[in-house]
Structures are given as structure tokens and as C-alpha cells.
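Protein chains in written order, with this note's numbering: chain A, 9 to 352; chain B, -15 to 71.
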Amino acid sequence: MQNAYEQLLKKLTIQASEKNIPINGAFELTARCNLNCKMCYIHHQKQDCSITNSELSADQWIKIASDARDAGLLNLIITGGEIFLRADFEKIYKAIAGMGLSVTLYTNASLIDCNRAKWLGRISPSKIGITLYGASEETYGKVCGNPEAYKSVIRAIDLLIAEGIIIDLSVTILKDNVNDYERIVEFAAKRNLPLCVTDYLFPIRYNTDTIKKCRLDPRSFADFCRKISPINDQSLKPTRKDLNNRDAFLCNAGKSDFWITWNGHIQPCSSLDEIGAYPLEVGFIEAWHSLSKQCLDVPICHDCRSCEYQKLCDVCPAKMKAETGFYDKPVEYLCEMVNFYRTV
Amino acid sequence: MKTKANLILREIVGTWIIVPVGEMVVEFNGLMNLSESGAFLWKKLAVGAEVDELVAAMLSEYNIDEETARADVQEFIGQLQERGLLI
């Protein structure tokens, strides 16, 4: 059951999508992270000068935010890498938080101490999204290369709750942490926090071989999906709005949603970096329209569109491109998973 | 009568909404949508208009009688007070 706020957001997004207004966006402030998660596509060393030299400056992010707001942006995700690694994070966030946007921060939370939690309580985002990588120091060590981070994250979550900040938890499932899943669910339930599960990892942008090695095999993926189905039914069975849609993207990428990478590239989502433009070179509006047009040129995968099990599958052009090199070639891994899922 | 600080009125795809920022996010986390006349009244309240001024503004802007205008103003103010958006 959706509350009035969610209903309003949904209505606005549908209207924005129809009118091609960029109402939902994400800024990837940095490609650096203090953790070193093996499956992550964006975790350069925190002192990597080649990255810091190419990251947009605070003033550039603020300028893009202002232009995007004027173009209709309402919901903004600020993410990384790890956002709190940026020394100028407070400058960026303070400026953007006053623009009349609904801001969500994505973080691993390991750098949130008491002072930072209090500061966030004074200039609160609408929400903080925190990804959990396990339910123990041991698992954090295996997944993120940093066992100590586990305790820091748990402490940070409790500090943020004390500040009255709304938190959404998420968990990315891979071989190394799938056995922690029940304990993560318990942790979230104990604090009455929603938990979103990312159970499909695909090889995006770089780090592709490692991602394939550390994700669940198709059968284990199907088993896991069947296990959590009652908890997260929606992610298992995405509702396709219009299967006869002539657009390759069944999501809102390029219609109302965009993503801007740490070096200033606007693209449909975090996963698809071959399509897009540079707002700082051509202006936000022109970059947005260019992105929208390029999305319309992406070919439809007719095999997937006509597949009778499509409703069980979460495939999209970004995932097909990442897995196969083509926008319109079925992903064998997902086909296998769906076959196990529907028959096991 | 005035709207609280850190509440921003925006028009998004033809819908008027109130977006909280800063400290107001903890107090009022969400969005509130307003009708066209609600947005009109909000702009007056943002600069500290009293009830009689709001009624007069409604009468000059919309083709309605005073009784209806006053009832609409009172109802709108009641909704904002209920959500703690006025000082």
C-alpha cells in the first residue's frame, strides 16, 4: 500500500516521463571509496590523484544541480564511491540542500561519526540509503576488505536514527554474504528499517570479470529469489507497464531519469556509459535532450520482448549491453536463472 | 500569519508542491501538493498575510463571493496548521 507521498511521487514521475522532464536524477560525486568491495564498479583508492583531478569541482556540481532544478529536477540521489570522502562534501550538500530538491544520500555509512550524524540532522536529507555488505566483521572483511567497517556502519545507523533521519537499507547479495541474509533481515526488522535487496549483479563499466566470479550462479540466484519472494516480490517480478512499448527501455531512463558520473557525463543510469553527453560542455538542457534522443535509438531485443517468461526477468538494455556487448541480445545468465526459478 | 522557513514552493510538471529543506525535513519529511488557489494563498502567506488580506486577494483573483473565499481560506489555513507549516 502506497502512502500519499509515494502516490504523489509516482504521479509526478509518470507526468514527467510523458513530458520528458528530468524529475529524477543522481549525482555520482566521486569514484573513490574507503572500502574495496570486490563486486563494486566504482571504488578507486581514496588517494587516487588521477581520479581526484578528474572529479567535478564543488562549484561545477552546484551549477549542474541548479540548472537541473530549473529544468524540473525534484528527486536527487547523491552517491559515489563514498560521498564522505570528498573534503568539500559539506559545501556541495549545503548548497544543493537549499535548492528545493528532495535529496537522498547513498553511503556505506562507515565514515559517519557522531559529529557528522548531528550535522546531517541539522540539514537533513529526505533519506539516507545505506548498503549493508554483511552481518559480521568477517563478512565485511571478505566483501569489502575492511572488517572494522562493520561496527562503524552499525554505530552510524543508530546515530542517524537518533537524529530522526529516515534510512533505507539495502543489501547486495553475492557468494560471500548470501549466508548472512537472514541476519541482515533481522537487523533491519529490529530497527524497523526497510530493506531492499539487490540480487542480480552484472558487469558494468569495469571490474567485469570479478563481478562475474563473485555473483551467485544462476541456480543459487534462483534459489535465493524463491526464498525471499514473499519479502521482496516486486523485485522478483517486475511489473512491465506496456509490453508493446516501442521503446527499448521499460524504465524511465532518459524519459524522466538521469545519472551524472563523477567526471560529468550524463547517462541513462549508473550502468550505461556509452550513451549520453556532457552538461558542462553543452548545457544541462541540451545534454538532457541529447540523452533522451539517444535512448530512443537503442534497439529493442525482440527475443526478450516476446519471451513468455519476461515478467520473471529483470533484463534491460543496460544489462544486455553489459553482459553481451549488444543492446538486443538475451542475457544467458538471466535466461538460466529464470528457467531454474520457474521450475525448481 | 506566515509559513515556516525552509519550505519551498515549486511547480513540477504542472503541479504545485511544497518541498521542505534543511531542518524542516526532519519535522515535515515528504511533499505536499497544492491546488492553483492553494499556491496563490501560499505565496501571500510566505510574506505574512493575515486572513482578511487572503480573502481580499482571493476575491480579486477569482470569481467567487466573500463567503466562499473566507471558507476556502479558513480551510486552507487549517490544513497547513494541522501539518505544522505555519508560525
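For glycine and all other residues, C-beta sits at the position ideal for the given N, C-alpha and C.
| Query | Result |
| --- | --- |
| Under 7 Å, Cβ to Cβ, is there at least one residue of chain A near Asn17 (chain B)? | yes |
| Anything in chain A within Cβ reach of Thr(-13) (chain B), meaning under 8 Å, just list it in chain order. | What Thr(-13) (chain B) touches in chain A: nothing, since even the nearest Cβ is about 14 Å away. |
| Out of B:Ser21, B:Glu11, B:Trp26, B:Ile61, state which residue places its alpha-carbon closest to the alpha-carbon of Leu43 (chain B). | B:Ser21 |
| I'd like the list of long-range same chain contacts for Cys343 (chain A), defined as Cβ closer than 7 Å, with 5 residues on each side in sequence excluded. | none |
| If you measure beta-carbon to beta-carbon, which residues of the stretch 125 to 142 of chain A are closer than 9 Å to chain B? | Gly129, Arg130, Ile131, Ser132, Pro133, Ser134, Lys135 |
| How would you list, in chain order, the residues of chain A whose beta-carbon sits under 9 Å from the beta-carbon of Glu7 (chain B)? | Gly129, Arg130, Ile131, Ser132 |
| Have a look at the DSSP bridge pairing and note the partners of Arg40 (chain A). | A:His52 |
| Nearest by alpha-carbon distance to Ile308 (chain A): which of A:Gly137, A:Phe229, A:Ile22, A:Lys327 is it? | A:Lys327 |
| How far does the beta strand (DSSP E) with Phe266 (chain A) in it reach, from first residue to last? | 265 to 268 |
| What is the DSSP secondary structure of Pro246 (chain A), reduced to helix, strand or coil? | Any reading at Pro246 (chain A) is ruled out, since the residue's pLDDT is 46, under 50, leaving its predicted position unreliable. |
| Does the Cβ-Cβ distance between Ala420 (chain A) and Phe232 (chain A) come in under 7 Å? | Within the shown structure, residues of chain A are numbered from 9 to 352, placing residue 420 (chain A) beyond reach of any answer. |
| Can you name the start and end residues of the beta strand (DSSP E) that Val205 (chain A) belongs to? | 203 to 206 |
| Take Val161 (chain A) as the anchor and find which of A:Lys99, A:Ile136, A:Lys54 has the nearest alpha-carbon. | A:Ile136 |
| Pull out every residue of the stretch 86 to 119 of chain A whose Cβ sits closer than 8 Å to any Cβ of chain B, in chain order. | Ala105, Gly106, Met107, Gly108, Leu109, Ser110 |
| Please confirm whether Ile274 (chain A) and Gly284 (chain A) have their CB atoms less than 7 Å apart. | yes |
| Ends of the beta strand (DSSP E) at Thr115 (chain A)? | 110 to 115 |
| I'd like to check one pair, Arg77 (chain A) with Met47 (chain A): are the Cβ atoms closer than 7 Å? | no |
| Give me the Cα-Cα distance between Asn44 (chain A) and Cys152 (chain A), rounded to the nearest whole angstrom. | 5 Å |
| Could you check the C-alpha separation between Asp311 (chain A) and Asp225 (chain A) for me, to the nearest Å? | 23 Å |
| Considering just the uninterrupted stretch of the beta strand (DSSP E) at Pro4 (chain B), what are its terminal residues? | -1 to 4 |
| Taking Cβ positions, are Phe8 (chain A) and Ala230 (chain A) nearer each other than 7 Å? | Absent from the structure is residue 8 (chain A), since the part of chain A shown begins at 9 and ends at 352. |
| Check whether the stretch 129 to 146 of chain A and the stretch 188 to 203 of chain A touch, using three or more Cβ-Cβ pairs below 8 Å as the test. | yes |
| Within a Cβ cutoff of 6 Å, which residues of the same chain sit near Ile59 (chain A), ignoring the five residues on either side of it in sequence? | Ala39, Arg40, His52 |
| Do we get a CB-CB distance below 7 Å when we pair Arg78 (chain B) with the residues of chain A? | Because chain B spans -15 through 71 in this model, residue 78 (chain B) falls outside it and cannot be assessed. |
| Identify whether Arg254 (chain A) lies in helix, strand or coil by the three-state DSSP scheme. | coil |
| Does the Cβ-Cβ distance between Leu15 (chain B) and Leu168 (chain A) come in under 7 Å? | no |
| Do the CB positions of Thr147 (chain A) and Asp121 (chain A) come within less than 7 Å of each other? | no |
| Please decide whether Val31 (chain B) counts as near chain A, where near means a Cβ-Cβ distance under 7 Å. | no |
| Let me check understanding here. Comparing Cα to Cα, which of A:Arg213, A:Leu203, A:Gln302, A:Ile50 lies closest to Leu177 (chain A)? | A:Leu203 |
| For Arg67 (chain B), tell me which candidate among B:Asn13, B:Asn47, B:Glu45, B:Lys28 has the shortest Cα-Cα distance. | B:Asn13 |
| At a CB distance below 9 Å, what residues from the stretch 163 to 174 of chain A approach chain B? Give them in sequence order. | Glu171, Gly172, Ile173, Ile174 |
| Anyone know if the C-beta pair for Ala164 (chain A) and Ala117 (chain A) falls short of 7 Å? | yes |
| Classify Cys57 (chain A): buried if its beta carbon has 16 or more other beta carbons within 10 angstroms, exposed otherwise. | exposed |
| Output the distance between the C-alpha atoms of Gly333 (chain A) and Leu304 (chain A), rounded to the nearest integer angstrom. | 18 Å |
| Between which residues of its own chain and Arg(-6) (chain B) is the CB-CB distance below 7 Å, once the five residues before and five after are set aside? | Ile1, Val3 |
| According to DSSP, is Ile239 (chain A) helix, strand or coil? | Low local confidence applies: a pLDDT of 39 at Ile239 (chain A) is under 50, so the model's placement there is unreliable, with the coordinate-based value given in what follows. Three-state result, Ile239 (chain A): coil. |
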